[in-house]
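S.K.: Protein sequences, first through last, are from chains A and B.
Taken in order, the first sequence gives residues 1 to 395; the numbers are from my numbering.
Taken in order, the second sequence gives residues 396 to 790; the numbers are from my numbering.
Number of protein chains: 2
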Amino acid sequence: MTLSTPGPTLGVVGGGQLGRMLGEAAAPLGVELVVTDPTPDPPAAPVVRDALVGEFDDEGTFRELAERADVLTYEIELADPDVLERVAEETGTPVHPDPETLRTIQDKLVQKRRLSEAGVPVPEFRQVDSADDLREACEELGYPAMLKAREGGYDGRGNVPVESPEDVEGAFAAIDGPAMVEEMVDFERELAVMGCRGADGERDTFPVTETIHREEILRESVSPPRVDDGEAGEAVLDHARDVVLDVLDAMDGRGVFGVELFETPDGEILLNEIAPRPHNSGHWTIEGCHTSQFEQHVRAVMGMALGTTERRAPTVSANVLGDVEERRPATLSGEESVLATPRAHLHWYGKHDVYELRKMGHVTLVGGDDGDDESDTDDLLGEVRALRDELTFQQ
Amino acid sequence: MTLSTPGPTLGVVGGGQLGRMLGEAAAPLGVELVVTDPTPDPPAAPVVRDALVGEFDDEGTFRELAERADVLTYEIELADPDVLERVAEETGTPVHPDPETLRTIQDKLVQKRRLSEAGVPVPEFRQVDSADDLREACEELGYPAMLKAREGGYDGRGNVPVESPEDVEGAFAAIDGPAMVEEMVDFERELAVMGCRGADGERDTFPVTETIHREEILRESVSPPRVDDGEAGEAVLDHARDVVLDVLDAMDGRGVFGVELFETPDGEILLNEIAPRPHNSGHWTIEGCHTSQFEQHVRAVMGMALGTTERRAPTVSANVLGDVEERRPATLSGEESVLATPRAHLHWYGKHDVYELRKMGHVTLVGGDDGDDESDTDDLLGEVRALRDELTFQQ
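1. If you check the beta carbons only, do B/Asp718 and B/Thr787 fall under 8 Å apart?
2. Straight-line CA distance for A/Ser116 to A/Thr91?
3. Using a Cβ-Cβ cut-off of less than 7 Å, list which residues of the region 577-605 of chain B approach chain A; keep chain order.
4. Between the Cα of B/Gln790 and those of B/Val749, B/Glu564, B/Glu531, B/Pro602, spot the shortest distance and give me the residue it belongs to.
5. Check whether chain A comes within 8 Å of B/Glu769, counting only Cβ atoms and requiring the distance to be less than that.
6. Per DSSP, which one or two residues make a beta bridge with A/Leu332?
7. Report the residue from B/Ser399, B/Leu760, B/Asp453 whose alpha carbon sits nearest the alpha carbon of B/Asp615.
8. For B/Val791, which residues in chain A fall below 7 Å Cβ to Cβ?
9. Since B/Glu663 sits in a beta bridge, which residues does DSSP pair it with?
10. What span of residues does the alpha helix (DSSP H) with A/Ile105 cover, start to end?
11. Taking Cβ to Cβ, would you say B/Phe639 is nearer than 8 Å to B/Ala695?
12. Looking only at C-alpha atoms, which of B/Pro573, B/Pro494, B/Val517 sits nearest to B/Leu529?
13. With a threshold of 7 Å on Cβ separation, who are the neighbours of B/Pro724 within its own chain once the five nearest residues in sequence on each side are excluded?
14. Name, please, each residue of chain B whose Cβ falls closer than 7 Å to the Cβ of A/Arg20.
15. Tell me the residue span of the beta strand (DSSP E) that contains B/Ile607.
16. Kindly indicate which three-state DSSP category B/Thr468 falls into: helix, strand or coil?
17. Are there three or more Cβ pairs, one per stretch, closer than 8 Å when the region 334-343 of chain A is compared with the region 227-245 of chain A?
18. Using a C-beta to C-beta distance shorter than 8 Å, which residues of chain A count as neighbours of B/Gly402?
19. Between which two residues does the beta strand (DSSP E) carrying B/Leu536 extend?
20. Thinking C-alpha only, which one of A/Leu33, A/Arg203, A/Glu59 is nearest A/Asp50?
21. Have a look at B/Val442, B/Glu470, B/Leu417, B/Arg509 and flag the residue whose alpha-carbon is nearest the alpha-carbon of B/Asp644.
22. With three or more beta-carbon pairs closer than 8 Å as the criterion, would you say the region 674-683 of chain B touches the region 700-716 of chain B?
23. Is it the case that the region 124-143 of chain A contacts the region 194-210 of chain A, given that we only count it when at least three CB pairs across the two stretches are under 8 Å?
24. Report the neighbours of B/Thr792 on chain A: residues whose CB is nearer than 7 Å to its CB, in chain order.
25. Could I get the ranges of all uninterrupted alpha helix (DSSP H) runs contained in the region 536-572 of chain B, with 4 residues as the minimum, in chain order?
26. Three-state secondary structure (DSSP) at B/Met697?
27. Along chain D, which residues have their Cβ under 9 Å away from the Cβ of B/Leu716?
28. Going by CA-CA distance only, name the one from A/Leu357, A/Ala192, A/Leu346, A/Thr309 that's closest to A/Glu326.
29. Within 8 Å (strictly less), CB to CB, does A/Val298 reach chain B?
30. Answer yes or no: do A/Thr209 and A/Val222 have a C-beta to C-beta separation smaller than 8 Å?
31. Can you name the residues of chain A whose CB is closer than 8 Å to the CB of B/Met396?
32. By DSSP, does B/Arg672 sit in helix, in strand, or in coil?
33. From what residue to what residue does the beta strand (DSSP E) around B/Leu760 run?
34. Assuming A/Glu263 is part of the beta strand (DSSP E), what are its boundary residues?
35. Strictly under 8 Å for the Cβ-Cβ distance: is A/Arg327 near chain B by that measure?
36. Following the continuous alpha helix (DSSP H) through A/Asp80, name the residue where it begins and the one where it ends.
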C-alpha cells in the first residue's frame, strides 16, 4: 500500500452525521470522502471533498460516486443493495460491507433468522403477515410483545408494543405490511458493542457499552457499563463480546457493525439489532478509545490494518435531541457549559432544521485516566446528563 | 452564544497542513472553515467548505474571505498584516490574533526587542545591517553566533551560523538584507510550549514539550520532556511555563501561540522564537491532550471558552519529511507498520509533491495511561522514530 495526493477516495452513500464524523476521521489517514445524500448541504458537506445529491436508490449518483471512489460504503441502511451491487459490478469499485449483508440486515426477519441459525441467541420471534398471524404469535410468545416492521424502521419508528389481545388489530394496522413479532425481553440493561471486520478476516470488538434508551431512542452511552463489580459482571461483558464475535462471523464483508444487545436479569445476552455501519452507541469511542469507530470503519473498508480498540478512560455520551414540537431552523443555546467543562466534548451535526427528537449532536465526557473504575461512570453519567439538559432549541 | 447551521465560519489565510488540522478540529464544534492559499487544492481543501486561491497579500481574496467569515485568522506568518488589517476594518470581520502581533513576530528583531523589553529572557542579540555590523556584534557576543534574516525565514531557512571571523562576509552575503545576530546558545535541550489566549483575557499553556531539531527542522516532539527526575526537572518545566505566560502577556490578540525555548545547562530558560498560530511542536496534542492545539485555536479565535490543556498520557510525535533530492509527485510507502501499531497515529497532510525535507505528515505514538512517568518517553521516542524511519518517498 502507498499514500499519495489526491488520496484514496471513499464514496459514502449517506451524508448525515455519520458521514460527517467519517470525514473528520478519514483526513488524517489521507483518505478523501465523497458522499451522496438526497438532501443538499447535508451534515457531512463541510468536511468532505464533495456532496452529490441523489436518492438512496439513484443509480446515476451511485455510478458517479463509484467512478470517483476507490471503495464504496454506506452510512445508512436505506441504501439500496441491488443498485449498489449492480454499480459495483459495472464499475469495478468494491462495496463494503457486502450489499448482501445490507440486504440481510434491512429485513429484520431475515436478519433474525440468519443469526438464529448461526447460533446467536435472539429473543423468540415469529413472522407476521396478518392480524391473525400476530394474534397467534402473541398467544405463543405471551403478552406484551413487540411488533416490528420488517423494513425501514429506525429510532423506534416501525416498532409497536402489543400489550394485550385488544391491541392486536390496531398494532397490525399501524404497521400495515410485512412484519415480525418478538417476545418482549425483560432486560436488566441494554448493552451495545461495535464490532469490526477488516481485510483478511481480521475481526475485533470495541469495549462493551451500556446504552440507555427512552421512547426507543438512544439517550446515553456508558462505557464501561455499570454491571456488577467483580466476576459476575466480567462474565457478562465477556459473554457479550463472544456473542458479537459470532455475529461478525455470520456477516459478510468488511467494516464496523453496531450490535445492540439485551442483558437479562440472569446474565444472559440476547441480540436485539445490528447496523452494518458506525452507530450512535459508538460515538463515545471518538474520545474514549485510541481508535474511533469512524477511523476503524475507514481502515476496514479501505483495506488498512484495524486500529487498537482499547479504551483510554471511562467515557459517557449523551445525545442532543430536538426539543421542539414543530420543525424549524435549528438554533442551539446553552452550549457554553459544555465548552467550559474540562474533558467535555461537543459534537454538532450541522443539521439545518430541528424537529422533535431529531438527533442534532452529542456531548461526550471523559473520566480520569485512572483505569476502568466503573463506580466512576455513574457520576460521569450524571454530569453529562446535566450538561446535555442545559442545551435547548427553544427560544 | 448559539449554534446553528450553516455554522459560524472561520476564514483562514493559508490552507496548508495547519489549515487541514484546523478543519478536522472545527467540525465537531459546528465551525466551518474557508481558507485561502496561493496553491490550488492545498492540504486543507478536502476538509473545508471552500478553498479560495490567492497570494498571501491578495486584497481581493482576503475580502471575499472576510465577507464569508465571522472571524479571520491565519495559519502562516507570510499573511500580510497590513492587508488583513485594512480588510478587517472595511468589512467589520475581526482578525485574531491581532495583525499588530503578526507584524511584531514577522520581524525577528522587533519580536526580540519587544519581548526583551517585557522582561522575557532572550539570548543576547544585535541589529545587523552590514557585514561590518555583523563583525562588530560577533566580537561582542563571541563566536560562534547565529545570523538571522529579520523576515521570511522558517524551518532554518534564513539562519546562517557564523563560526569565526572568516565567515562574516559570506554569512552576511547569504542573507543580504536586514538581519540580526544572536549569541549561539549552548542549550541542554530545546523545549516548546503552546500558549493560548482566549476571550476576556483568559490564558493558558499546554504541557511543556521537548523538541528535537536537526538541520534546524523539527524532527520529534516528546511530552513530557526528558528533564531530570524530581524537583530540579519540575522547576525547569515551571520556569518554562512562566516564561510563556509572560510572552502571552506581551502579545495582543486571541489564539494559540507556539513558543520555542532553550533550556540552558544551568536550568535557565531563554526564548528562541514565537509563532502566532498552531505549531509543529504541538501536533502531539491531537491525541495527547483532551483538547488539541487546533481545537483550542478555533475556540480562542471564535470567542468560545478555552478547553482544558491537560495531558492524557505521555506522547511523542515524529515528522515525516521528504527524503528525495528532486521535487516529484509524492508517493509514500511503508505506512503499514504505523497503521498496525497500537496507539500509533498517522497524519498525512495531503501535499501533491514531495521535495527534500518538506513536511509531508507526522506520526504520533501515545504511551500507557499510567501517568506521567517520563522514563517511558525515551522508549516511546525510540519506537516512533523506528516507525517513522520505515516511511519513504523513494521508489
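Yeah, the Cβ is synthetic: ideal placement off N, Cα and C, and Gly gets one too.
M.R.: Taking the coordinates as given:
1. yes
2. 35 Å
3. none
4. B/Val749
5. Unreliable placement is indicated for B/Glu769, whose pLDDT of 47 sits below 50; the coordinate value is still reported in the next sentence. Residue contact check for B/Glu769 against chain A: no CB pair falls below 8 Å.
6. B/Leu398
7. Residue identity differs from the one stated: residue 615 of chain B is Glu in this sequence, not Asp. Among B/Ser399, B/Leu760, B/Asp453, the Cα nearest to that of B/Glu615 is on B/Leu760.
8. Any answer about residue 791 of chain B is impossible in this case: the structure gives chain B only from 396 up to 790.
9. Paired residue(s): none; B/Glu663 is not in a bridge.
10. Note, A/Ile105: alpha helix (DSSP H), 99-106.
11. Note on residue identity: the sequence assigns Val, not Phe, to residue 639 of chain B. Not in contact: B/Val639 and B/Ala695 (Cβ atoms no closer than 8 Å).
12. The residue among B/Pro573, B/Pro494, B/Val517 with its C-alpha nearest the C-alpha of B/Leu529 is B/Pro573.
13. His747, Asp748
14. Ala422
15. 604-609
16. If DSSP states are grouped into helix, strand and coil, B/Thr468 belongs with the strands.
17. no
18. Pro46, Trp348, Gly350
19. No beta strand (DSSP E) contains B/Leu536, which is instead part of the alpha helix (DSSP H) from 526-536.
20. A/Leu33
21. B/Arg509
22. yes
23. no
24. Absent from the structure is residue 792 of chain B, since the part of chain B shown begins at 396 and ends at 790.
25. Fully enclosed alpha helix (DSSP H) runs of 4 or longer: 563-570.
26. Of the three classes helix, strand and coil, the one that applies to B/Met697 here is helix, per DSSP.
27. Here chain D cannot be found, since the structure's protein chains are A and B.
28. When the alpha-carbon of A/Glu326 is set against those of A/Leu357, A/Ala192, A/Leu346, A/Thr309, the nearest one is in A/Leu357.
29. no
30. yes
31. Ser333, Glu335, Glu336
32. coil
33. 754-761
34. 255-263
35. no
36. According to the DSSP assignment, A/Asp80 belongs to no alpha helix (DSSP H), since it is labelled neither H nor E.
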